[in-house]
Amino acid sequence: MLKMQEHREEAIEVYLEALDIDPGLKLARGELIAMGARDFLPKGQYGRPAMSASLARISGLLDQNLEAIREWLTVSTYPVEAYHNFRSTFPVSPPPAAHGSSLVVVIDAIDVNPDLLRLSLASLIDQRDCNWTAVVRVSASQHDHPVASYACQDDRIVFVSSGSEAPAAALNSDLVLLTEAGCRLDHEAVGWLRYAAERTTTDVIYADHDHHTHDWRRGAAYSRPALHSMPDAHDQANTPDPPLCLLVRPGARSLMAAAFGETSGSERRRAILVNALKSGQPVAHLPRILSSKRISDTGSMIAESSPHKAVRRHGNDQRILVIIPTRDQADILRTCLDSLKSTLSNPRSVDVLVLDNRSSEVDALDLLSERVRNGDIEVMQLDEPFNWGRFNNLAATGRGHDILVFANNDLEFLTPGWDNIVRESLSDEAAGITGARLLYPDLTVQHAGIAMGVNQGRPGHEGLGADTGAGGPMNRWRRSRQASAVTGALMAVKRQAFEAVGGFDERLAVAYNDVDLCLSVREAGFSVLYEPELEAIHHESRTRGRHVDDARIAWDDGELTDMYEKWGEAMLQEPGKNPHWVSADTRTHDGYRDLSLSEVLSHLDRSAVINPWAAIRRHRG
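Numbering (our numbering), first residue to last: 83 to 703.
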């Protein structure tokens with residue numbers, strides 16, 4: 083009122099009194115500033131004290147917001163056992179608008195139960211994007227079944243006999259969607275796949291799916307999601323659940339020939355996808371659950387796919403150098419050396435180099451001398467402070483072996499012929515590193531590959547603590563596939579890849595040097611493989627790392643900081659894990675969450691390159 087009556091001095095005095103009573107009264111402070119009376123503000127209302135107080139309030143609000151975000155993430159994550167609830171709660175949202183590219187759906191239905199084909203056709207007719215035609219491949223007898231009347235009711239549907247060549251409609255279409263009878267398409271499936279094709283321009287696109295049983299009153303009960311990783315030929319060749327829907331551009335003639343070849347169903351789609359990946363073509367992954375495969379009431383598959391089994395050759399003449407750093411601990415080193423030697427297929431092609439770092443115990447020195455006399459090992463003396471990366475670099479220098487195996491001294495090799503498995507795994511030109519499946523002494527899993535960004539952003543072991551027979555999602559812990567990284571406790575490296583990246587980063591003396599090497603090898607265009615047939619017991623306590631002192635924690639954090647400075651977002655991005663999966667603590671696959679549109683598109687874009695697994699560092703040097 084005083085301000086309105088132009089009693090400026092009195093108004094200023096009133097506002098200042100108000101601030102004396104309540105220094106946080108924003109209205110009074112704002113009025114004084116608006117009146118040009120900033121000079122009258124008490125010292126506590128500006129300068130460092132006020133800034134510090136304001137920052138403290140902001141920090142408190144941010145902490146509250148972060149806690150709220152964490153709580154939201156917790157409650158919005160569905161446990162693995164609650165997949166049906168997750169699927170029912172989060173229907174697939176519509177895609178951004180797509181243009182009118184023509185699309186033909188090819189449904190494999192040869193000799194299948196007509197009710198499965200009816201399911202697929204009904205879901206196709208119910209698509210929100212209705213700009214499609216369908217070619218249904220059936221046997222001669224199926225032409226007379228009532229299910230064939232769908233072609234009479236809807237002129238977009240055509241039935242053709244098995245063995246027919248690709249129909250002209252498919253070859254002349256912009257896009258061809260390959261699926262099979264028993265596939266229930268989500269209402270948004272055609273629209274999403276059409277949009278993904280227009281956004282990425284790749285020749286092949288695959289999406290996620292799940293499985294369901296059906297009750298005529300209660301509807302579908304969803305389970306067993308097949309949530310795929312970034313495009314990976316190894317993964318797709320071995321997965322028990324190849325994509326249920328595969329979008330192909332007819333312009334890729336070799337792919338279309340496979341689409342109408344002798345194989346059918348899932349094996350046709352698998353062959354197309356693997357061939358495209360092996361030939362170096364960009365393939366895109368759309369992280370949307372766009373289809374569901376009918377399973378019987380007992381949970382068995384209607385038509386189960388058999389993953390390709392890698393043909394194990396009897397090895398080759400590539401020489402292997404096993405490098406084992408050690409200090410004292412004669413008993414565990416003896417177990418390691420004995421099990422290593424007894425499980426070799428070709429001992430003459432494997433040399434063992436033990437790096438003795440200041441051993442002083444008599445038993446250890448005697449063991450080393452005995453094994454050298456027997457010609458079992460060679461010993462390199464390293465009288466300097468421990469540095470795992472430097473030690474291994476010194477051991478690898480100047481030797482002509484084709485493959486370098488870095489192994490801890492507390493391993494017990496389990497796999498007969500492990501040396502041939504290593505040779506075979508690294509025989510692919512693109513393969514750079516192979517890692518093992520490691521077990522604790524109680525035979526629970528210690529390592530089934532390393533995933534990035536797991537435990538508060540740190541790299542973490544997949545399968546940690548799982549039962550020895552556990553396969554993990556889509557049996558990923560029991561089959562060969564690409565991994566972001568593998569542990570250096572037992573790691574085989576192709577010399578070509580090792581030398582291409584300059585070996586280990588010796589600035590990482592204790593931790594993360596194995597992860598760093600894997601990222602460097604991926605950056606150089608090689609792949610890092612997890613090979614579960616290569617198996618060993620790691621005699622490391624399951625509780626190691628839970629009882630470490632502050633100094634060790636600080637050292638670990640310092641090396642982790644160096645890694646983030648070097649690799650940036652590559653430390654957090656996990657190409658081997660579908661973004662629907664949520665990690666918690668040490669568990670890499672703890673539950674499911676829905677994805678925002680930006681997350682879907684970001685993943686789609688990152689997948690649609692020639693090598694989406696290539697790591698990109700933040701700083702070079």
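Note that CB positions come from ideal geometry on N, CA and C, so glycine has one too. These numbers come from a predicted model, not from an experiment.
Sequence-distant Cβ neighbours of Asp638 in its own chain, meaning closer than 7 Å and more than five residues away, are Ala593. Under the three-state reduction of DSSP, Phe122 is assigned to helix.
Rounded to the nearest angstrom, the gap between the Cα atoms of Gln528 and Asp465 is 31 Å. With a cutoff of 9 Å on beta-carbon distance, Leu368 and Leu275 are scored as near each other. By the Cβ criterion, the stretch 323–331 is not in contact with the stretch 400–409, since fewer than three pairs of Cβ atoms, one from each stretch, lie closer than 8 Å. The C-beta distance from Ala308 to Met556 rounds to 6 Å, short enough to fall under 8 Å. In this structure, Thr261 is the residue among Ala697, Thr261, Ala412 and Val404 with its C-alpha nearest to the C-alpha of Ser373. Ranked by Cα distance from Ser442, the options Ser424, Gln463, Arg430 and Asp458 are led by Gln463.
The count of Cβ pairs closer than 8 Å, one atom from the stretch 579–594 and one from the stretch 680–695, stays below three, leaving the stretches out of contact. Three or more Cβ pairs closer than 8 Å define a contact, and the stretch 554–570 falls short of that threshold against the stretch 447–454. Along the length of the stretch 617–667, whole beta strand (DSSP E) runs at least 3 residues long occupy 663–666, reported in chain order. With contacts defined as CB atoms closer than 9 Å, Asp501 and Ser427 qualify as a contacting pair.
Excluding the 5 residues flanking it on each side, Pro228 has same chain C-beta neighbours closer than 8 Å at Pro196, in chain order.
For Leu403, there is no enclosing alpha helix (DSSP H); the enclosing beta strand (DSSP E) covers residues Ile402 to Thr408.
Assigned with DSSP and collapsed to three states, Phe488 falls in strand. Shown here, Asn502 sits in a helix according to DSSP, grouped into three states. Ala513 and Leu611 have their alpha carbons spaced roughly 7 Å apart.
In this model, Pro178 and Leu677 are separated by some 15 Å (Cα to Cα).
Per the Cβ contact rule, the stretch 489–506 is in contact with the stretch 615–623 (3 or more Cβ pairs under 8 Å). In this model, Gln400 and Arg306 are separated by some 41 Å (Cα to Cα).
According to DSSP, residue pairing for Ile239 in a beta bridge involves Ala216. Contact between Ala216 and Ile239 holds, with the beta-carbon distance rounding to 5 Å and staying under 8 Å.
Annotation for Ile377: no beta strand (DSSP E) segment contains it, and DSSP assigns it neither H nor E. Of the candidates Leu546, Leu601, Gly584 and Arg376, Leu546 places its Cα closest to the Cα of Glu622.
Separation of Lys576 and Arg472 (C-alpha to C-alpha, rounded to the nearest whole angstrom) is 18 Å. In this chain, the alpha helix (DSSP H) harbouring Glu681 covers Leu679 to Ser689.
Per DSSP, the unbroken alpha helix (DSSP H) holding Thr282 starts and ends at Ala271 to Thr282. Using a 10 angstroms sphere on the CB of Phe488, the tally of other CB atoms reaches 16 or more, which defines it as buried.
Taking Leu686 as reference, the option from Arg210, Ser311, Ser183 and Leu199 with the minimal CA-CA separation is Ser311. Contact check for Met653 against Met573 fails: the beta carbons are separated by 9 Å or more. In the DSSP assignment, Val603 falls within the alpha helix (DSSP H) that extends over Asn595 to Glu605.
A check of alpha carbon separations from Asp672 across Ile503, Ala582, Glu92 and Ala164 identifies Ala164 as the nearest. A straight-line Cα-Cα distance of about 19 Å links Arg675 and Ala271.
Between Leu206 and Leu267 a beta carbon distance of about 6 Å is seen, short of the 8 Å cut, so the two are scored as contacting.
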